[in-house]
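Take 158 as the starting number for the sequence shown in the numbering used here and just add one per residue. Ideal placement from N, C-alpha and C gives every residue a C-beta, glycine not left out. Note that the coordinates shown come from a computational prediction; the quantities given were computed from them, not determined experimentally.
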Amino acid sequence: MSHDPTVNAGDIARLAGVGRAAVSNWRRRHDDFPQPIGGTANQPLFSLRQVESWLRRYGKSYQVSLGDRVWQRLKAAGDLRLGELVAQAGALLTRSVDAENPSSTGGGLDDELAELVRELGEQHGALTAYEFLCERYLEAHSRQLSVTRDDVAALMVRLVGAPGATVLDPACGVGTLLLAPSALEQGARVLGQELSETSAAITASRLVLRGVEARIVAGDSMRNDGFAGERADAVVCDPPFNERAWGYEELTGDPRWEYGLPPRGEPELAWVQHCLTHVKPRGLVAILMPPAAASRKAGRRIRANLLRAGALRAVVALPGSDLWLLRRPAAGERPPSEVLILDATADLSVVEPAWQAYLEDRSDQTVRIIDLLADEVDMTPARHQRRDDVGRAFAEARDRFLAAAAVPPDLKVLEQPLDQPATTLGDLIKEGLVTTSQAPPKMAADGGDVPVLTSDDVLSGGAPSGLTTMQQGLVPVQPGDVVASYSAVRVVEDGGGAVLGPHLTLYRVDARRLDPDFLAGFLRAAGGRVTTGSSRFDVRRTRLPRLSLKEQKAYGEAFRQLAVLEDAIRETSTLGQTLIRLGLDGLADGHLHPQS
Numbered sequence: 158m159s160h161d162p163t164v165n166a167g168d169i170a171r172l173a174g175v176g177r178a179a180v181s182n183w184r185r186r187h188d189d190f191p192q193p194i195g196g197t198a199n200q201p202l203f204s205l206r207q208v209e210s211w212l213r214r215y216g217k218s219y220q221v222s223l224g225d226r227v228w229q230r231l232k233a234a235g236d237l238r239l240g241e242l243v244a245q246a247g248a249l250l251t252r253s254v255d256a257e258n259p260s261s262t263g264g265g266l267d268d269e270l271a272e273l274v275r276e277l278g279e280q281h282g283a284l285t286a287y288e289f290l291c292e293r294y295l296e297a298h299s300r301q302l303s304v305t306r307d308d309v310a311a312l313m314v315r316l317v318g319a320p321g322a323t324v325l326d327p328a329c330g331v332g333t334l335l336l337a338p339s340a341l342e343q344g345a346r347v348l349g350q351e352l353s354e355t356s357a358a359i360t361a362s363r364l365v366l367r368g369v370e371a372r373i374v375a376g377d378s379m380r381n382d383g384f385a386g387e388r389a390d391a392v393v394c395d396p397p398f399n400e401r402a403w404g405y406e407e408l409t410g411d412p413r414w415e416y417g418l419p420p421r422g423e424p425e426l427a428w429v430q431h432c433l434t435h436v437k438p439r440g441l442v443a444i445l446m447p448p449a450a451a452s453r454k455a456g457r458r459i460r461a462n463l464l465r466a467g468a469l470r471a472v473v474a475l476p477g478s479d480l481w482l483l484r485r486p487a488a489g490e491r492p493p494s495e496v497l498i499l500d501a502t503a504d505l506s507v508v509e510p511a512w513q514a515y516l517e518d519r520s521d522q523t524v525r526i527i528d529l530l531a532d533e534v535d536m537t538p539a540r541h542q543r544r545d546d547v548g549r550a551f552a553e554a555r556d557r558f559l560a561a562a563a564v565p566p567d568l569k570v571l572e573q574p575l576d577q578p579a580t581t582l583g584d585l586i587k588e589g590l591v592t593t594s595q596a597p598p599k600m601a602a603d604g605g606d607v608p609v610l611t612s613d614d615v616l617s618g619g620a621p622s623g624l625t626t627m628q629q630g631l632v633p634v635q636p637g638d639v640v641a642s643y644s645a646v647r648v649v650e651d652g653g654g655a656v657l658g659p660h661l662t663l664y665r666v667d668a669r670r671l672d673p674d675f676l677a678g679f680l681r682a683a684g685g686r687v688t689t690g691s692s693r694f695d696v697r698r699t700r701l702p703r704l705s706l707k708e709q710k711a712y713g714e715a716f717r718q719l720a721v722l723e724d725a726i727r728e729t730s731t732l733g734q735t736l737i738r739l740g741l742d743g744l745a746d747g748h749l750h751p752q753s
């Protein structure tokens with residue numbers, strides 16, 4: 158590629174270890190600051206080489222990590238080729254893992270960039286290096302790429318997976334569901350198909366770098382089924398919603414429509430039947446569906462047929478979508494008389510116990526199939542909320558909502574920002590005030606007897622939810638440790654005997670000289686990338702003021718209050734939706750009444 162690598166204002170700020178406001182000031186105050194060479198008026202792009210030259214000329218300290226340099230070189234080709242080049246980088250890195258992989262070529266990478274990619278893999282390990290590039294790619298294309306939430310993906314795979322099972326995802330995207338920990342059980346075999354050749358190639362490389370036996374094909378699963386005639390032990394799927402051009406005209410007589418021809422406007426019901434075609438008898442399917450699919454009139458006949466046959470076993474409401482759990486009927490098997498219908502929008506942790514209770518025929522959250530068939534076959538979870546529980550649930554939700562309230566810290570507004578001597582996290586590490594740790598490279602957090610603090614726990618502020626087995630290199634988590642993930646930073650209040658989970662970085666401070674809340678606040682403010690891969694590249698440039706411990710604690714308390722406020726807002730948002738729904742239901746059916 159002959160293009161000059163470009164950076165935006167945020168990249169420059171991260172490069173120089175300053176805020177975006179400082180970059181804006183440089184552009185206003187210095188006539189010789191590099192002019193934009195691309196982008197838009199609101200999001201200009203600058204030449205990386207020109208920016209580096211300007212920073213050197215003005216004595217501004219900066220650091221371009223190898224990972225950043227590779228990423229900027231990839232971006233220089235433009236958005237249209239970025240995915241293709243990220244896929245080529247993955248194919249190149251897989252050479253060290255799978256020398257016989259036929260796609261392991263540098264393809265569209267020029268010799269210089271290919272060498273940089275190899276060097277990145279050698280320096281940080283091929284898997285860590287590629288996950289860093291994938292994270293950057295997903296962030297840059299967050300509006301174009303639909304990615305399943307990590308917690309939902311892990312839940313789906315746990316519900317249907319089994320050790321050593323063959324798992325298929327017929328709409329695998331960049332591999333989120335297939336990369337969920339339970340999908341990668343020892344001996345598991347992974348199959349995937351994806352319409353985008355670029356995304357399919359990225360998925361294949363991510364799996365190869367994990368040493369997983371996988372076959373990923375590119376193509377339209379509806380029109381050109383890459384696994385025709387094959388059946389897996391389990392199928393997971395997050396299909397495209399509301400895709401009207403799914404092939405209705407061409408596929409009218411397709412043998413997959415065992416439960417009825419999907420209406421033109423119900424493509425998700427085509428995906429449901431496609432998934433059932435590819436699972437063995439008694440095998441399970443977990444598929445995300447738009448909430449309206451549980452009640453739309455056009456899909457009523459297919460829903461009824463799925464229920465009569467015993468194929469549809471559960472409909473679970475999740476935030477933003479529904480999860481359908483299906484089981485392919487075996488010959489001569491008697492279908493169940495009830496289906497599990499559950500609302501888990503406020504708490505995903507209720508799903509697995511409820512599913513297990515249903516499988517063991519002891520659930521109290523089921524609906525009789527005969528009642529659904531006699532009605533509109535409306536399986537909307539909110540409609541089947543147990544009426545006798547509405548009043549109690551509303552009172553509990555209201556109390557939790559009020560208890561979750563928090564107030565922001567009382568901060569003094571200054572006319573001019575303070576000019577304070579500063580240091581960096583890297584300097585604090587060199588001075589011995591901070592030590593860093595990470596989990597063992599191949600550690601799993603989905604089974605065992607040792608509690609694990611996971612990325613989701615850091616984000617939600619919850620207790621350690623993962624489990625692993627005792628092994629060498631585990632990092633115990635202690636109160637006062639600062640733990641950082643890709644999207645969150647948190648100070649541990651109670652380690653609970655847990656160890657540090659994958660994709661997290663632990664910063665342990667010398668409490669005699671450094672306040673942990675102070676450090677955590679500035680890490681969050683910097684917005685640095687603090688995953689296992691990217692923290693090695695740039696997080697050490699995070700800048701902090703040099704203050705006495707007493708002054709640090711004042712800052713730390715303010716940062717802590719903001720963290721509490723953030724948690725409260727997240728919790729009250731979820732509780733508020735639950736409270737509104739319960740209030741509407743209760744007032745409508747007479748279980749609630751306005752106070753006089």
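(request) Please determine if the region 702-719 and the region 672-685 are in contact, where contact requires at least 3 C-beta pairs separated by less than 8 Å. (result) yes
(request) Could you spell out where the beta strand (DSSP E) holding R525 opens and where it closes? (result) From DSSP, the beta strand (DSSP E) with R525 extends over 523-525.
(message) Report the start-end ranges of each beta strand (DSSP E) in the region 195-274 that is 3 residues or longer and not cut off at the edges.
(response) 201-204
(message) Tell me which residue opens and which closes the alpha helix (DSSP H) that C394 is part of.
(response) Looking at the DSSP string, C394 is not in any alpha helix (DSSP H); the run it does join, the beta strand (DSSP E), is 389-394.
(request) Would you grab the beta carbon distance between F551 and L749 for me? Rounded to a whole angstrom, and I think it's under 8 Å. (result) Confirmed, Cβ separation roughly 6 Å.
(request) Measure the alpha-carbon distance for I444 versus V656 and round it to whole angstroms. (result) 32 Å
(request) For the alpha helix (DSSP H) containing S181, list its first residue and its last residue. (result) 177-186
(request) May I ask you to report which of helix, strand or coil DSSP gives V507? (result) Reduced to three states, the DSSP call for V507 is helix.
(message) I'd like the list of long-range same chain contacts for V646, defined as Cβ closer than 7 Å, with 5 residues on each side in sequence excluded.
(response) V639, A677, L680, R681, V687
(message) I need the straight-line Cα distance from L719 to P636, nearest angstrom please.
(response) 19 Å
(request) Pair every Cβ in the region 384-394 with every Cβ in the region 404-421, then say whether three or more of these pairs are closer than 8 Å. (result) no
(request) Report all residues from its chain with a CB closer than 7 Å to the CB of E407; omit the five preceding and five following residues, and keep chain order. (result) R380
(message) Mapping the DSSP letters down to three states, classify W512 as helix, strand or coil.
(response) helix
(request) Give the secondary structure of T688 by DSSP, where H, G and I count as helix, E and B as strand, and everything else as coil. (result) With a pLDDT of only 39 at T688, under the threshold of 50, the placement of this residue in the model should not be trusted; the figure read from the coordinates follows. In the structure shown, T688 sits in coil (DSSP, three-state: anything other than H, G, I, E or B).
(request) Quick one: which unbroken alpha helix (DSSP H) runs of 4-plus residues sit fully inside the region 286-361? Chain order, please. (result) 307-317
(message) I need the DSSP call for Y712, collapsed to helix, strand or coil.
(response) helix
(message) Suppose contacts are defined by Cβ-Cβ distances below 9 Å. Is A539 in contact with W512 by that definition?
(response) no
(request) Apply the 10 Å Cβ neighbour rule to K232 and answer buried if 16 or more other Cβ atoms are within range, or exposed otherwise. (result) buried
(message) Using a Cβ-Cβ cutoff of less than 6 Å, which residues in the same chain neighbour R697 once the five nearest sequence positions on both sides are dropped?
(response) L582, G583
(request) Would you kindly check if the distance between the Cβ of V648 and the Cβ of R717 is under 9 Å? (result) yes
(request) Work out the CA separation of T523 and E495 for me, nearest whole Å. (result) In this structure, the straight-line span from the alpha carbon of E495 to that of T523 is close to 6 Å.
(request) Could you please give the first and the last residue of the uninterrupted beta strand (DSSP E) stretch that includes R413? (result) Premise fails: R413 is in no beta strand (DSSP E) and is neither H nor E.
(request) Kindly list the residues whose CB is nearer than 6 Å to the CB of D168, restricted to its own chain and excluding five residues on each side of it in sequence; keep chain order. (result) none
(request) Grab me the residues of M627's own chain with a C-beta within less than 7 Å of its C-beta, minus the 5 sequence neighbours each way, in chain order. (result) V607
(message) Rounded to whole angstroms, what is the Cα-Cα separation between A466 and L530?
(response) Within the model, the alpha-carbon separation for A466 versus L530 is close to 12 Å.
(request) With distances taken Cα to Cα, identify the nearest neighbour of A371 among G332, D411, G630, T662. (result) It is G332 whose Cα lies nearest to the Cα of A371.
(request) Less than 8 Å between the CB atoms is what I'm expecting for L366 and L284, so what's the real figure, rounded? (result) 4 Å
(request) Count the other CB atoms, across all protein chains shown, that sit within 10 Å of the CB of A256; report buried if there are 16 or more and exposed otherwise. (result) Residue placement at A256 is poorly supported in this model, since its pLDDT is 46, which falls under 50; the coordinates still yield a value, given next. Per the 10 Å Cβ criterion, exposed.
(message) Here's the rule I'm using: 16 or more other beta-carbon atoms within 10 Å means buried, otherwise exposed. How should Q350 be labelled?
(response) buried
(message) Within 10 Å of its beta-carbon, does R275 have 16 or more other beta-carbons around it, so buried, or fewer, so exposed?
(response) buried
(request) Evaluate S692 with the Cβ neighbour count: other Cβ atoms within 10 Å of its Cβ, from every protein chain shown; 16 or more gives buried, anything less gives exposed. (result) At S692 the pLDDT is 37, less than 50, meaning the model places this residue with poor confidence and gives no usable figure here.
(request) Quick one: give me the first and last residue of the alpha helix (DSSP H) that K150 is part of. (result) The shown model of the chain, from 158 to 753, leaves out residue 150, and the question about it has no answer.
(message) Give the list of continuous beta strand (DSSP E) stretches no shorter than 3 residues that lie fully inside the region 624-651.
(response) 639-641, 646-648
(request) Along the beta strand (DSSP E) that carries D500, what are the first and last residues, could you check? (result) 495-500
(request) Below 8 Å on the Cβ atoms is my guess for R485 versus R439; work out the distance and round it to an integer in Å. (result) 7 Å
(message) Quick check on the DSSP output: the beta strand (DSSP E) that includes P608 runs from which residue to which?
(response) Unbroken beta strand (DSSP E) run through P608: 607-610.
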